[in-house]
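Student: Questions regarding the structure given below will be posed in turn.
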Amino acid sequence: MAIDANGTFRGVTENASHEGVESLGRFVLPGMPNLHSHAFQRAMAGLAEKQSNPQDNFWSWRETMYGFAARIGPDDLRAIATQLYVEMLKAGYTQVCEFHYLHHQPDGKPYADPAAMSLALIEAALEAGIGLTLLPVLYMAGGFDGRPLSERQCRFGFDVDGYLRLGEKLRKMENSTLRVGMALHSLRAVPPDAMRVVLESSLADGPVHIHIAEQIGEVQDCLNVRGARPVEWLFDNAPVDARWCLVHATHMTADETRRLAESGAVSGLCPTTEANLGDGLFPLAAYRAAGGVLGIGSDSNISISPTEELRWLE
Ligand code: NGQ
Ligand code: ZN
Numbered sequence: 009m010a011i012d013a014n015g016t017f018r019g020v021t022e023n024a025s026h027e028g029v030e031s032l033g034r035f036v037l038p039g040m041p042n043l044h045s046h047a048f049q050r051a052m053a054g055l056a057e058k059q060s061n062p063q064d065n066f067w068s069w070r071e072t073m074y075g076f077a078a079r080i081g082p083d084d085l086r087a088i089a090t091q092l093y094v095e096m097l098k099a100g101y102t103q104v105c106e107f108h109y110l111h112h113q114p115d116g117k118p119y120a121d122p123a124a125m126s127l128a129l130i131e132a133a134l135e136a137g138i139g140l141t142l143l144p145v146l147y148m149a150g151g152f153d154g155r156p157l158s159e160r161q162c163r164f165g166f167d168v169d170g171y172l173r174l175g176e177k178l179r180k181m182e183n184s185t186l187r188v189g190m191a192l193h194s195l196r197a198v199p200p201d202a203m204r205v206v207l208e209s210s211l212a213d214g215p216v217h218i219h220i221a222e223q224i225g226e227v228q229d230c231l232n233v234r235g236a237r238p239v240e241w242l243f244d245n246a247p248v249d250a251r252w253c254l255v256h257a258t259h260m261t262a263d264e265t266r267r268l269a270e271s272g273a274v275s276g277l278c279p280t281t282e283a284n285l286g287d288g289l290f291p292l293a294a295y296r297a298a299g300g301v302l303g304i305g306s307d308s309n310i311s312i313s314p315t316e317e318l319r320w321l322e
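What the sequence shown shows, in the working numbering, is residues 9 to 322, in sequence order.
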């Protein structure tokens, strides 16, 4: 098996001689990266997997999730994430991208150390022995119209300066098993001007992740306020390339699908949560035909199984 300098598998030679090659004596598979996780949501498994009201949808799921999140502090997060990351390793994930927005205390005040919740995740990954790509999330507004964060969203919020300070601090902790990138929660949560500023910062020279188009409602709001669909708007306004991961690119036109595939950006698909919450199917066949790159994520961590995600995707 040929592996390039980035650790990416580049090819397999059939019937190769094993002369001089160390045998592992068993079948081996490449470690699977988990492109999208909200660790704390592992502990709400079972709270929202049933419909208690015919009107239930993504947004009512989110209210349940917010109510649960309000009870999680740094010690809880460390415990939940440590157990989760061990589960991930046992299931075959060897690297996890943590899309982390639970930054402050439940009332919105920063912890004495504003990085307390990030540090809990770093400690959990170290304890479990999984590679961590920590993606601190920028979350500034409650919707495309720029409305302020709701009471329950206040603990997610940073202004641009505070966010970049957090990113710089975490960057200094990088090592062989910890990488720090950037995440924009979604187009609805990050005003265009703020997006431009953070994308010009040094934090943007690593991985950049974003929730892009999971819900028909947000596609509609984006069209109404910004005059374009989310994927379309992002490509027109940001330098999207192979460093980017667009999570939940569920709702795309044929043209958006082609642009995403040609950009080299990764489509981060989370089949089990997208099936439960997403109200749509990713255009997999067209995307693959256009040469698009994809990976999977366990997102809300109801299922922690790469084979299960791939089976649902197929
Ligand atoms: C999240 N989860 O950030 O946990 C989101 C829901 C939102 C999924 N999109 C919150 N599955 O998008 O506002
Ligand atoms: Zn997510």
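All C-beta atoms, glycine included, are put in the ideal place defined by N, C-alpha and C.
Around the Cβ of L37, are there at least 16 other Cβ atoms within 10 angstroms (buried) or fewer (exposed)?
Tutor: Its Cβ having fewer than 16 others within 10 Å, L37 is exposed.
Student: Measuring alpha carbon to alpha carbon, tell me which residue in Y147, Q103, P247 and D83 is nearest G15.
Tutor: Selected option, being the one with the closest Cα: Q103.
Student: Is the distance from the Cβ of G170 to the Cβ of V188 below 8 Å?
Tutor: No, Cβ-Cβ distance for G170 and V188 is not below 8 Å.
Student: Assuming S313 is part of the beta strand (DSSP E), what are its boundary residues?
Tutor: Premise fails: S313 is in no beta strand (DSSP E) and is neither H nor E.
Student: Is the beta carbon of L285 within less than 7 Å of some heavy atom of the ligand NGQ?
Tutor: Yes, the ligand NGQ has a heavy atom inside 7 Å of this Cβ.
Student: Tell me which same chain residues have a C-beta within less than 6 Å of the C-beta of I304, skipping the five on either side of it?
Tutor: Only L277 and E317 meet the Cβ criterion.
Student: Any heavy atom of the ligand GTP within a distance shorter than 7 Å of the CB on E95?
Tutor: Absence of the ligand GTP from the depicted structure is noted, with the ligand NGQ and the ligand ZN being the only ligands included.
Student: One question on the structure: do H44 and V216 come within less than 8 Å of each other, judged by their Cβ atoms?
Tutor: No, the Cβ-Cβ distance between H44 and V216 is not below 8 Å.
Student: Given a cut-off of 8 Å on the beta-carbon distance, is the pair P144 and L178 in contact?
Tutor: Against a cut-off of 8 Å, the Cβ pair of L178 and P144 comes out as a contact.
Student: For G286 and E226, which I take to be in contact (beta-carbon distance under 8 Å), what is that distance rounded to the nearest angstrom?
Tutor: So it is not a contact: roughly 11 Å between Cβ atoms.
Student: For the ligand NGQ, I want to know if A31 counts as a neighbour, meaning its beta carbon is within less than 7 Å of at least one of the ligand's heavy atoms.
Tutor: Ala is not the amino acid found at residue 31; the sequence shown has Ser there. No, the Cβ of S31 stays beyond 7 Å of every heavy atom of the ligand NGQ.
Student: Can E106 and L129 be called in contact, C-beta distance under 8 Å?
Tutor: For E106 and L129, yes; Cβs fall inside 8 Å.
Student: Looking at C-beta atoms only, is the number of pairs between the segment 242-257 and the segment 197-214 that lie closer than 8 Å three or more?
Tutor: Short answer: they touch.
Student: For the alpha helix (DSSP H) that V205 lies in, which residues bound it at each end?
Tutor: Looking at the DSSP string, the run of the alpha helix (DSSP H) that includes V205 is P200 to L207.
Student: Exposed or buried, what is G54 when buried is set at 16 or more other beta-carbons lying within 10 Å of its beta-carbon?
Tutor: So G54 ends up on the exposed side.
Student: Answer with buried or exposed for E282, where buried requires no fewer than 16 other C-beta atoms within 10 angstroms of its C-beta.
Tutor: Its Cβ being crowded by 16 or more others within 10 Å, E282 is buried.
Student: Is the beta carbon of R237 within less than 7 Å of some heavy atom of the ligand NGQ?
Tutor: Not so, every heavy atom of the ligand NGQ lies at least 7 Å from the Cβ.
Student: The beta strand (DSSP E) that contains P291, what's its start and end?
Tutor: Per DSSP, P291 belongs to no beta strand (DSSP E) and is neither H nor E.
Student: At a threshold of 7 Å, does R50 count as lining the ligand NGQ (C-beta to nearest heavy atom)?
Tutor: It does not: the Cβ of R50 is nowhere closer than 7 Å to a heavy atom of the ligand NGQ.
Student: Give a single yes or no on whether F76 has its beta carbon closer than 7 Å to a heavy atom of the ligand ZN.
Tutor: Incorrect: F76 has no Cβ contact closer than 7 Å to the ligand ZN.
Student: Is any heavy atom of the ligand NGQ found at a distance shorter than 7 Å from the C-beta of S306?
Tutor: Not under cutoff, so the answer is no.
Student: Report buried or exposed for S194, applying the criterion of at least 16 other Cβ atoms within 10 angstroms of its Cβ.
Tutor: Counting Cβ neighbours within 10 Å, S194 comes out buried, since at least 16 surround it.
Student: Just checking S45 against the ligand NGQ - is the residue's beta carbon closer than 7 Å to any of the ligand's heavy atoms?
Tutor: S45: no, Cβ never under 7 Å from the ligand NGQ.
Student: Taking the straight line between their C-alpha atoms, what separation do you get for Q113 and S271?
Tutor: One C-alpha to the other measures close to 38 Å.
Student: Between Q49, D64, I88 and G151, which has its C-alpha nearest N232's C-alpha?
Tutor: When only C-alpha atoms are compared, the closest one is G151.
Student: When we look at the beta-carbon of G19 and count the other beta-carbons within 10 Å, is it buried (16 or more) or exposed?
Tutor: Classification of G19: exposed, given that the 10 Å Cβ count is below 16.
Student: I think A250 touches A294, with their Cβ atoms under 8 Å apart; what is that distance to the nearest whole Å?
Tutor: Between A294 and A250 the Cβ distance is about 20 Å, and since that is not below 8 Å, they are no contact.
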